[in-house]
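Asks:
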Amino acid sequence: DGTCFIEMCDRTKNTNIRLSLPAVCVVWEIAMIILFGVFIRYNWESDAHWAESKHNLSDIENDFYYRYPSFQDVHVMIFVGFGFLMTFLKRYSFGGVGFNFLIAAFGIQWALLMQGWFGSLDYSDGKIKVGVENFINADFCVAGCLIAYGALLGKVSPVQLLVLTLFGVTLYAVEEHIIIKIIHARDAGGSMVIHTFGGYYGLAISWMLYRPNLDQSSRLQGSKYHSDVFAMIGTLFLWMFWPSFNSAIAGHGDGQHRAFINTYLSLAATVLTTFALSSLFQKHGKLDMVHIQNSTLAGGVAVGTAAEFMLTPYGSLIVGFCCGVLSTLGYVFITPFLEKHMKIQDTCGIHNLHAMPGFLGGVVGAITAAAASDTVYSHEGLVNTFDFKDEFKDMVPTVQGGHQAGALCVALIFGIGGGILVGAVLRLPIWGDPADDNCFDDEAYWEVRVGVLQLLVDNQHRNKLHKLKTRHL
Amino acid sequence: DGTCFIEMCDRTKNTNIRLSLPAVCVVWEIAMIILFGVFIRYNWESDAHWAESKHNLSDIENDFYYRYPSFQDVHVMIFVGFGFLMTFLKRYSFGGVGFNFLIAAFGIQWALLMQGWFGSLDYSDGKIKVGVENFINADFCVAGCLIAYGALLGKVSPVQLLVLTLFGVTLYAVEEHIIIKIIHARDAGGSMVIHTFGGYYGLAISWMLYRPNLDQSSRLQGSKYHSDVFAMIGTLFLWMFWPSFNSAIAGHGDGQHRAFINTYLSLAATVLTTFALSSLFQKHGKLDMVHIQNSTLAGGVAVGTAAEFMLTPYGSLIVGFCCGVLSTLGYVFITPFLEKHMKIQDTCGIHNLHAMPGFLGGVVGAITAAAASDTVYSHEGLVNTFDFKDEFKDMVPTVQGGHQAGALCVALIFGIGGGILVGAVLRLPIWGDPADDNCFDDEAYWEVRVGVLQLLVDNQHRNKLHKLKTRHL
Amino acid sequence: DGTCFIEMCDRTKNTNIRLSLPAVCVVWEIAMIILFGVFIRYNWESDAHWAESKHNLSDIENDFYYRYPSFQDVHVMIFVGFGFLMTFLKRYSFGGVGFNFLIAAFGIQWALLMQGWFGSLDYSDGKIKVGVENFINADFCVAGCLIAYGALLGKVSPVQLLVLTLFGVTLYAVEEHIIIKIIHARDAGGSMVIHTFGGYYGLAISWMLYRPNLDQSSRLQGSKYHSDVFAMIGTLFLWMFWPSFNSAIAGHGDGQHRAFINTYLSLAATVLTTFALSSLFQKHGKLDMVHIQNSTLAGGVAVGTAAEFMLTPYGSLIVGFCCGVLSTLGYVFITPFLEKHMKIQDTCGIHNLHAMPGFLGGVVGAITAAAASDTVYSHEGLVNTFDFKDEFKDMVPTVQGGHQAGALCVALIFGIGGGILVGAVLRLPIWGDPADDNCFDDEAYWEVRVGVLQLLVDNQHRNKLHKLKTRHL
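Protein chains in written order, with my numbering: chain A, 1 to 473; chain B, 1001 to 1473; chain C, 2001 to 2473.
#1: For B/C1409, which option in B/G1423, B/V1383 and B/F1197 has the closest C-alpha, if you only look at C-alpha atoms?
#2: What residues in the segment 230-252 of chain A bring their beta carbon closer than 9 Å to a beta carbon of chain C?
#3: Beta-carbon separation of B/F1241 and B/G1081 under 8 Å?
#4: Where does the unbroken alpha helix (DSSP H) through B/V1396 begin, and where does it stop?
#5: Is it buried or exposed, B/T1263, if we count other Cβ atoms within 10 angstroms and call 16 or more buried?
#6: Give me the Cα-Cα distance between B/V1169 and A/V376, rounded to the nearest whole angstrom.
#7: Assign C/D2215 to buried or exposed, taking buried as 16 or more other Cβ atoms, counted over all protein chains shown, within 10 Å of its Cβ.
#8: For my contact list, A/L85 and A/T273 are in at a C-beta cut-off of 8 Å; report their separation, rounded to the angstrom.
#9: By Cβ distance below 6 Å, which residues in the same chain neighbour C/F2474 in space, the five residues on each side in sequence not counted?
#10: Any beta carbon from chain A within less than 8 Å of B/F1321's own beta carbon?
#11: Can you pull the chain A residues whose beta carbon is under 7 Å from the beta carbon of B/H1257, in chain order?
#12: Closest to C/I2178 by C-alpha separation, out of C/F2167, C/G2119 and C/V2229, would be which residue?
#13: With 7 Å as the limit, tell me which residues of the segment 2363-2395 of chain C have their beta carbon closer than that to any beta carbon of chain A; keep them in chain order.
#14: From the DSSP output, which residues share a beta bridge with A/Y474?
#15: Mind pulling the chain C residues with CB within less than 7 Å of B/N1016?
#16: In chain order, what are the residue ranges of uninterrupted alpha helix (DSSP H) at least 4 long that sit wholly in the segment 1268-1318 of chain B?
#17: If I'm right that B/V1422 touches B/L1164 with Cβ under 8 Å, what's the distance once you round it to whole angstroms?
#18: Anything in the segment 217-230 of chain A with a Cβ closer than 9 Å to a Cβ of chain C? List those residues in chain order, please.
#19: Out of B/Q1282, B/T1312 and B/C1322, state which residue places its alpha-carbon closest to the alpha-carbon of B/A1298.
#20: If you measure between the beta carbons of B/E1052 and C/E2380, is that distance less than 8 Å?
#21: Just to make sure I have the definition right: I need the residues of chain A whose C-beta is within less than 7 Å of the C-beta of B/S1279. Which are they?
#22: Helix, strand or coil for A/S247 per DSSP?
#23: Just how far apart, CA to CA, sit B/G1324 and B/G1315?
#24: Using the C-alpha atoms, what's the distance from C/F2088 back to B/M1032?
#25: According to DSSP, what are the bridge partners of C/S2491?
#26: Cα separation between B/R1011 and B/G1432?
#27: To test your reading of the DSSP string, which unbroken beta strand (DSSP E) runs of 3 or more residues are found completely within the segment 1108-1190 of chain B?
#28: How about C/A2268: is its C-beta nearer than 8 Å to some C-beta of chain B?
#29: Pick from B/Q1400, B/N1062, B/L1317 and B/L1311: whose alpha carbon is nearest that of A/A48?
#30: For A/Q109, tell me which candidate among A/Y331, A/T398, A/R427 and A/G37 has the shortest Cα-Cα distance.
#31: Any idea what DSSP makes of C/W2446, helix, strand or coil?
#32: Between A/Y42 and chain B, is any beta-carbon pair separated by less than 8 Å?
#33: Please state whether the Cβ-Cβ distance between C/G2199 and C/H2354 is less than 8 Å.
#34: Shorter than 7 Å, the distance from the beta carbon of C/M2232 to the closest heavy atom of the ligand NAD, or not?
#35: As a quick exercise: from A/L209, A/A104, A/A248 and A/V425, pick the residue whose alpha carbon is nearest that of A/F79.
#36: Hey, out of A/C439, A/K224, A/Y172 and A/H403, whose CA is closest to A/G144's CA?
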């Protein structure tokens, strides 16, 4: 009956979102304004009172100068990195970069509120006080939803994406609170909180929205020469700035410094094993752009949790080495398997880039935390790195390792569970998603100025396909 | 007789700039070298004497570390942001990104001199002392000219653009001096100084250079699929780094911190209302890339003046909300109106992205300044934010609001007046601008290697048009 | 017999690298892991012990905050800058950006080891201690190899490139040690160490790998419209971030500040003279994208050595002015000459962008150093800038100038000599390089999804050429 339900939806597919999209955007933005008016204020370091209240602090010790360069790098990853990585489809570049833009811009606002209520609420006046670190966290939160978008690329409407983001950010904020505050796990680069959650969230939604007849759009489900080059812009900005991503909210000083080093090294190793396996598994040893665009990034995901730990430089290389192998194998074997046998259609292969490496990152983090010691970190270093303060001042590394493992389970449960719930909502036939033979096509939601020539070729191609099909029936 | 004059020019149109472009470039660059030799020196913080004269200051308190990351973001906006935003035309991408490069590289040199004479002249030795803040201001100054280029894109020669930049920078430096130093208005993000001035400067020039027969180039006056994706690179880098633009020369510490927050939020809100209105005003609710590429940025423009004020986070959202609406409506209604009834041909729609939001930003700034108080800012905060020092130490916020409004008028007058004057100069038939049927075409000024195929199609298209025209005559 | 040897190789050309590429990547990465395990550790500022051992130091004085923003800019130059600059060929964009990615990711690991053994080895425990400055230096080191790749673009296999990088990094580390430590020359932006070495290294290899029948691939040896726009992404990111490149490892405070200013100004001047000469030497004064993409960057190369010296702002402009002229003339006259008479095929024209401007930069550095004085620098400034400390505390500027000139010779010798040796290795017929009629074609090493249409046109074109050739025989 799942199929029936989908068929029913298909029959009434209408991608006209002239009412729903403007309505959702305007109403939600007005809601944001009201909620921001009630709740959000500048924090100590961004308020004009700082001039009086900072006392002997130098201006340069404002957190802005510690974190703003990293924030901007993260910002580039969210908008250009994720956005351009999703331009690889031959006729869905507008949707890739454009909808990414839309949902990220909405998500960061909602994330400031959701994360604020859980984390930055000043109980003295009931206000959320925001500064640069909140904005980094908002970008992080949105990354979870953009990852989920990767699985659904080309198959959903922008309204569905906004709904996915609304729920995704909400789930993320709760999950993050449980993992960081309640379980007291550490996750500077978000292997668990962002990637495991986001990856499984997207895969579960994709499973709920399974399209058995998606091959009707197969003519558009690939790249062309220049769209692959565009996607490399996304890949490279993600790859280059991932060290900033993993170090952006790490501890001041050695914490940020170390997180950057570990990530840099892990990513470098991933590139080599990705190229190796991509060549090994193709006919004639030719490299596949899909692998180069995606698997080269897996090392950054997997080193996220342990980035600020004393993972050691060679430890980072090992993590990166394994991830390049694993992620490329994922593209070669697991993605087709998931589609064929598990009814999970994963357009960008987020399973191989986020879900699996994120899970691995959680495991690496748990092991590295459990193995920590005063000798390696120094006492003060250990307390700083793992935040063994206040109610957790008697925590020991081995127990911390267990907490890390528990946190990983929470991320998984929120991802899969949340994805199934949200997927059910997104199956409602009211969101304007495209029909099966209309997926991966920008014409559904964008005014596209196609060249006369391209149109001719596309039509000929379509006619030929149509004739072939007709003949076989 | 204006039409006559233009017709006369058209008859002699010759886009060969083999003498004029090299001559202007070389002579002006030599002039720069001489003037730099006479006037420009390193300032205290970039001179090798700093090691001796800094005394107890830590190296990290060199202004370089406060401002260099923001400077680089601004630099990216000027060259990649503006440059790629102007690649959207199907056959004018070289001119868009290339001439932007040329005039920005010239403009920053001339701006260092012009702004230096007005602002950084050391009267003890008659030298201009430059450091990182001067270079940010030079980039800002050039932004005004690049905005003006947006209105003229595809219709002018590089020599005309260099002339436009020479005069534009000069006008800007005078206007900035009047607004900032004499009127003592605040304008951290340049809503008035940069965007209002630059916008109306470009529109006035475009009005002076009106081409009644521009529809002869209409075959090239649009985008194609990949040129729209290229333009999104420009859009996104402008959007992401706008918080750095508005905070780059704000006060150390809380000033920069707050300017970044306000801009970030305003821009996020703009994206949602732009998508909403773009969908609402298209047939079938399809989104228009022109709106997404441009109107999403209007929030950054409009929050420029008030960025370092205590605008409050929800205030920023409101500004962004209104700008997305206004700017998109501008593209739908005002740009065609301006072209049809006001003889203003505005290729990139700078009226909707810079002129109108810039004006709005000036108004927002005036209101926010007038409403400032000791309670909201703290006394020291108020003095810092509005620079109520020295001769302005008795200034009060309400009066400051009036000064802000006055400054906005100055920006308008300089923009429109300067544009008319410079437009008159640019109408001289000596600059090598293209004929009406040769606009928006890179072949006028670039060696273009066109594919055999594209050539075929273009020719067929041109022939068909030609036949149609001949038949009707 | 050189020709014979090449012919022999050609006969057995086989671009299948399904065994060699994976083998090299995996084995070398495992070697990296082992060597990192034995040698590489966090340095003082990135180790968790820092929290205890930093004493009164503020967190913000961690070297991370001085150099990380510059590091990220350099990182963007290496991966996006160099990568996209090499996408300009119509059918080799994957190879341009992809192989650049591969060899840079390998090279930075090997560079950390090689440079570490020479420069950062802690003799107390035999470990290399790494922090942010080492990572910048690793990026610099790799830049030398990427420059060399520019000369060979489209004519070599990725395995050859990895070999080129292995030897290139090794040579670089030795050369750098001799120049910086033994000769005690200064070279903040690497005019000599990076550009002169890298440029002549690539040219010498290209000379060793001369292909007399390369014109068989001439149909692919050019750009097309969109590939030229892609290349502009590379150009602009290199141009914008070059000030960060030259200031990244300059002295804290005024050193970095001044290096940025000098580079910024030199680059600005180069743009104007490049446009001037490009127009002057083309028929009808049309600009050539090859010049704009490359020669505009020459000013950054030539100001590298002297960037942190008191070159003065107008001095920087003069350097930039000359370089724009020289480099563009190089593209017009020298590159064809080198190909015709010297058997050096230089795909990207690295002779004009790196080798020649790098040499000039060395000369400028020597002169500027020799002219230094206590008056201009202050005593402490002179000691800081030229590192006249310890065993070199009695050094005087004029002698330093001589050392700089000596250093330039070392760079030249290592470049040319190393290139000839490595070129000899790369001529072995085992590396999977393409045949002469198969160069500049991504299909050799990549799964390329070509549009039906493009295929048709290419085939027609190829057939036509074939017919023409057959007819003439």
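Beta carbons: idealized from backbone N, C-alpha and C, even for Gly.
Replies: Taking the structure as given:
#1: What you label residue 1409 of chain B is simply residue 409 of the second sequence in a count that begins at 1. If we check each option's Cα against that of B/C1409, B/F1197 comes out closest.
#2: For the segment 230-252 of chain A, the beta-carbon criterion of a distance under 9 Å to any beta-carbon of chain C is satisfied by F230, M232, I233, T235, L236, F237, W239, M240, F241, P243, S244, S247, G251 and H252.
#3: Counted from its first residue, the second sequence places residue 1241 of chain B at position 241. Counted from its first residue, the second sequence places residue 1081 of chain B at position 81. B/G1081 sits close to B/F1241, with the two beta carbons spaced by under 8 Å.
#4: The sequence position of residue 1396 of chain B within the second sequence is 396, counting from 1. Following the DSSP letters along the chain, one finds B/V1396 in no alpha helix (DSSP H), marked with neither H nor E.
#5: As a position in the second sequence, residue 1263 of chain B is number 263, starting the count at 1. When all chains shown are included, B/T1263 counts as buried.
#6: The count along the second sequence starts at 1 and reaches residue 1169 of chain B at position 169. The count along the first sequence starts at 1 and reaches residue 376 of chain A at position 376. Between B/V1169 and A/V376, the C-alpha separation is close to 58 Å.
#7: The residue given as residue 2215 of chain C occupies position 215 in the third sequence. Flag for C/D2215 reads exposed.
#8: Taking the first residue of the first sequence as position 1, residue 85 of chain A is located at position 85. Taking the first residue of the first sequence as position 1, residue 273 of chain A is located at position 273. That pair is no contact at about 20 Å.
#9: Nothing about residue 2474 of chain C can be reported from this structure: the residues present for chain C run from 2001 to 2473 only.
#10: Position 321 of the second sequence, counted from the start, is the residue given in the question as residue 1321 of chain B. It does: the Cβ of B/F1321 has a partner Cβ on chain A nearer than 8 Å.
#11: In the second sequence, counting from the first residue as 1, residue 1257 of chain B sits at position 257. Result: E45, S46, N62, F64, G131 and V132.
#12: Reading the third sequence from its first residue, position 178 is the one you call residue 2178 of chain C. For the residues C/F2167, C/G2119 and C/V2229, the minimum Cα distance to C/I2178 belongs to C/G2119.
#13: none
#14: The first residue shown for chain A is 1 and the last is 473, placing residue 474 of chain A beyond what the model contains.
#15: Here the question's residue 1016 of chain B lines up with position 16 in the second sequence. Chain C residues near B/N1016: H2284 and G2285.
#16: 1289-1294 and 1298-1302
#17: Residue 1422 of chain B sits at position 422 when you count from the first residue of the second sequence. Residue 1164 of chain B sits at position 164 when you count from the first residue of the second sequence. Their Cβ separation, rounded to whole angstroms, is 6 Å, which keeps B/V1422 and B/L1164 in contact under 8 Å.
#18: G222, S223, K224, Y225, H226, D228, V229 and F230
#19: The count along the second sequence starts at 1 and reaches residue 1298 of chain B at position 298. For the residues B/Q1282, B/T1312 and B/C1322, the minimum Cα distance to B/A1298 belongs to B/C1322.
#20: As a first step, residue 1052 of chain B is located in the second sequence; it is residue number 52 there, counting from the start. As a first step, residue 2380 of chain C is located in the third sequence; it is residue number 380 there, counting from the start. Their beta carbons are under 8 Å apart, which means B/E1052 touches C/E2380 by this criterion.
#21: The residue you call residue 1279 of chain B lines up with position 279 of the second sequence. Within 7 Å Cβ-Cβ: I17, R18, L21 and P22.
#22: Position 247 of the first sequence, counted from the start, is the residue given in the question as residue 247 of chain A. A/S247: helix per DSSP, three-state reduction.
#23: As a working mapping, residue 1324 of chain B is identified with position 324 in the second sequence. As a working mapping, residue 1315 of chain B is identified with position 315 in the second sequence. In a straight line, the C-alpha of B/G1324 is about 15 Å away from that of B/G1315.
#24: Taking the first residue of the second sequence as position 1, residue 1032 of chain B is located at position 32. Taking the first residue of the third sequence as position 1, residue 2088 of chain C is located at position 88. Their backbone Cα atoms lie some 33 Å apart in a straight line.
#25: Residue 2491 of chain C lies beyond the range of chain C shown here (2001 to 2473); nothing can be said about it.
#26: Along the second sequence, read from residue 1 onward, the residue named residue 1011 of chain B stands at position 11. Along the second sequence, read from residue 1 onward, the residue named residue 1432 of chain B stands at position 432. Legend: pLDDT at B/R1011 = 49, less than 50; position of this residue unreliable, no value from coordinates given.
#27: Listed in chain order, the beta strand (DSSP E) runs fully inside the segment 1108-1190 of chain B are 1127-1130, counting runs of at least 3 residues.
#28: Here the question's residue 2268 of chain C lines up with position 268 in the third sequence. Flagged as an interface residue toward chain B: C/A2268, by a C-beta distance shorter than 8 Å.
#29: Position 48 of the first sequence holds residue 48 of chain A. Minimum Cα distance to A/A48 is reached at B/L1311.
#30: Position 109 of the first sequence, counting from 1, holds the residue named residue 109 of chain A. Nearest option by C-alpha distance: A/G37.
#31: Taking the first residue of the third sequence as position 1, residue 2446 of chain C is located at position 446. Residue state, collapsed to three classes: strand.
#32: Walking along the first sequence from the start, residue 42 of chain A turns up at place 42. At least one chain B Cβ lies under 8 Å of A/Y42.
#33: One-based indexing of the third sequence puts residue 2199 of chain C at position 199. One-based indexing of the third sequence puts residue 2354 of chain C at position 354. Cβ atoms of C/G2199 and C/H2354: closer than 8 Å.
#34: Because no ligand of any kind appears in the structure shown, any question about the ligand NAD cannot be addressed here.
#35: In the first sequence, counting from the first residue as 1, residue 79 of chain A sits at position 79. Checking every option, the nearest Cα to that of A/F79 belongs to A/A104.
#36: Stepping through the first sequence from its first residue, residue 144 of chain A is reached at position 144. That would be A/Y172, whose Cα lies nearest to the Cα of A/G144.
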